[in-house]
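A short write-up of the structure that comes next.
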Amino acid sequence: NAGVMQNPRHLVRRRGQEARLRCSPMKGHSHVYWYRQLPEEGLKFMVYLQKENIIDESGMPKERFSAEFPKEGPSILRIQQVVRGDSAAYFCASSPRREETQYFGPGTRLLVL
Amino acid sequence: ILNVEQSPQSLHVQEGDSTNFTCSFPSSNFYALHWYRWETAKSPEALFVMTLNGDEKKKGRISATLNTKEGYSYLYIKGSQPEDSATYLCALGNQAGTALIFGKGTTLSVSS
């Protein structure tokens, strides 16, 4: 059973461009969580999705950030018009049910030039 | 706002030493506590989930205890080995079960 997959592992964008981060949960998991680790900071919750629905987006910046988890395909975290402050490591986790252990992917390191 | 504190921030021990770290959290807002082990350039690896006061969990040489009344959890490593070198993260599950609130971690370095 493959673990949580994230791609790309590294992403470089110039200010103003769009960044798309993908997350494929573990097989059988329909709950996806996105976290961000800013430099010198701990992991911070961004958004929780359950197939096709955003359940909790309390940690997501109100502007430029969006997330989806379509019926088919990976979950996508989209950052529009990136700024230097978006440079961070973005981690995805999945679980079979809410409140159960979250299994993490290897992360996507985003660098905004 | 839930706040999870971990101490020490970093720790260096010799191979064979036993060690422990602390995770503190508000006792009035407890639902579940998670411990993760995070090696550089890898995914955080789930170690334990604990929900009940007095819970004790064990996995090989690593064990954890939970005190929800006073708001702390200890992680113990017996006979540390170089491969135990990693950052150990503690996280509190929120009431809705939708998010984990992480501490900043304790970074352990074990030298042979």
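Chains as they are written, first to last, in our numbering: chain A, 1240 to 1352; chain B, 34 to 145. Ideal Cβ placement from N, Cα and C applies to all residues, glycine included. Treat the numbers as computed from the prediction; the structure is a model and nothing was measured.
Is Ala1306 of chain A buried or exposed, if buried means 16 or more other CB atoms sit within 10 Å of its CB?
-> Along the first sequence, one-based indexing puts residue 1306 of chain A at 67. Buried, because 16 or more other Cβ atoms sit within 10 Å of the Cβ of Ala1306 of chain A.
Give the DSSP bridge partners of Phe63 of chain B, in chain order.
-> Taking the first residue of the second sequence as position 1, residue 63 of chain B is located at position 30. According to DSSP, which records beta bridges pairwise, Phe63 of chain B is partnered with nothing at all.
When you compare each of B:Tyr64, B:Ser40, B:Val37 and B:Gln47 to Ser113 of chain B by their alpha carbons, which one comes out closest?
-> To locate residue 113 of chain B, count along the second sequence from 1; it is residue 80. Cα-wise, what sits closest to Ser113 of chain B is B:Gln47.
For the beta strand (DSSP E) that contains Ser1433 of chain A, what are its first and last residues?
-> Examination of residue 1433 of chain A is not possible in this model, given that chain A is present from 1240 through 1352 alone.
Taking 8 Å as the CB-CB limit, is Tyr1329 of chain A close to chain B?
-> To locate residue 1329 of chain A, count along the first sequence from 1; it is residue 90. It does not; no Cβ of chain B falls within 8 Å.
Is the beta carbon of Gly126 of chain B sitting closer than 8 Å to the one on Gly1281 of chain A?
-> As a first step, residue 126 of chain B is located in the second sequence; it is residue number 93 there, counting from the start. As a first step, residue 1281 of chain A is located in the first sequence; it is residue number 42 there, counting from the start. No, these two residues do not count as a Cβ contact at 8 Å.
Relative to chain B, which residues along the stretch 1306 to 1319 of chain A have a C-beta separation below 9 Å, given in chain order?
-> none
Chain-ordered neighbours of Pro1345 of chain A on chain B, where CB pairs are closer than 7 Å = Locating residue 1345 of chain A in the first sequence gives position 106, where the first residue counts as 1. Under the 7 Å cutoff, chain B gives Lys75 and Ser76.
Is the CB of Thr131 of chain B under 8 Å away from at least one CB in chain A?
-> Numbered from its first residue, the second sequence carries residue 131 of chain B at position 98. Closer than 8 Å: yes.
Who pairs with Asp1295 of chain A in a beta bridge, going by DSSP?
-> Within the first sequence, residue 1295 of chain A is the residue found at index 56, counting from 1. In the DSSP output, where bridge partners are listed per residue, Asp1295 of chain A has A:Tyr1287.
Own chain partners of Ile105 of chain B with C-beta closer than 7 Å, once the 5 adjacent residues on each side are dropped | The residue given as residue 105 of chain B occupies position 72 in the second sequence. First, the amino acid is wrong: residue 105 of chain B is Tyr here, not Ile. Hits under 7 Å: Thr55, Cys56 and Ser57.
Taking C-beta pairs closer than 9 Å, name the residues in chain A that Ala97 of chain B reaches, listed in chain order.
-> Indexing the second sequence from 1 puts residue 97 of chain B at position 64. Here the premise fails: no neighbours, minimum Cβ distance about 14 Å.
In chain order, what residues of the same chain lie with their CB nearer than 8 Å to the CB of Ser51 of chain B, ignoring the 5 residues before and after it?
-> Taking the first residue of the second sequence as position 1, residue 51 of chain B is located at position 18. Around Ser51 of chain B: Tyr109, Ile110, Lys111, Gly112 and Ser113.
In three-state DSSP terms, what is Glu116 of chain B?
-> Position 83 of the second sequence, counting from 1, holds the residue named residue 116 of chain B. In the structure shown, Glu116 of chain B sits in a helix (DSSP, three-state: H, G or I).
With distances taken between CB atoms, is the gap from Gln1320 of chain A to Arg1337 of chain A smaller than 8 Å?
-> By one-based count along the first sequence, residue 1320 of chain A stands at place 81. By one-based count along the first sequence, residue 1337 of chain A stands at place 98. Taking 8 Å as the Cβ cut-off, Gln1320 of chain A and Arg1337 of chain A do not qualify as a contacting pair.
Chain-ordered chain C contacts of Lys91 of chain B [CB-CB under 7 Å] | No chain C is present in this structure, whose protein chains are A and B.
Using a threshold of 8 Å, state whether the C-beta atoms of Ala119 of chain B and Tyr1272 of chain A are closer than that.
-> Position 86 of the second sequence holds residue 119 of chain B. Position 33 of the first sequence holds residue 1272 of chain A. No, Cβ-Cβ distance for Ala119 of chain B and Tyr1272 of chain A is not below 8 Å.
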